[in-house]
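In my numbering, the protein residues as written are 1 to 70.
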C-alpha cells in the first residue's frame, strides 16, 4: 500500500494534463459567428501580408542572393 501511494501522483499527472487539454480545446468557442477584435486584427494583418508578398518577390528578383534563403 505504501508503494502505491508513491506511484499514485505519477499516474494522476497524465490524466490531469489530458483533462486540462480537453477543457482548453473545448473552451475555444468553435462555431462562433461573431468576429472579435482579435479575429478582425488577424484578417487585417493577413491582407497586409498578402499585399506585400508581390513586392518582396519583385525585390528578390532584382536582388538575387539577398533573401532569407541566401
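Cβ coordinates follow ideal geometry from the N, Cα and C atoms, glycine included.
Give the secondary structure of residue i by DSSP, where H, G and I count as helix, E and B as strand, and everything else as coil.
i          : result
residue 64 : coil
residue 21 : helix
residue 28 : coil
residue 16 : helix
Under 8 Å Cβ to Cβ from residue i, same chain only, skipping five residues before and after it: list those, please.
i          : result
residue 10 : none
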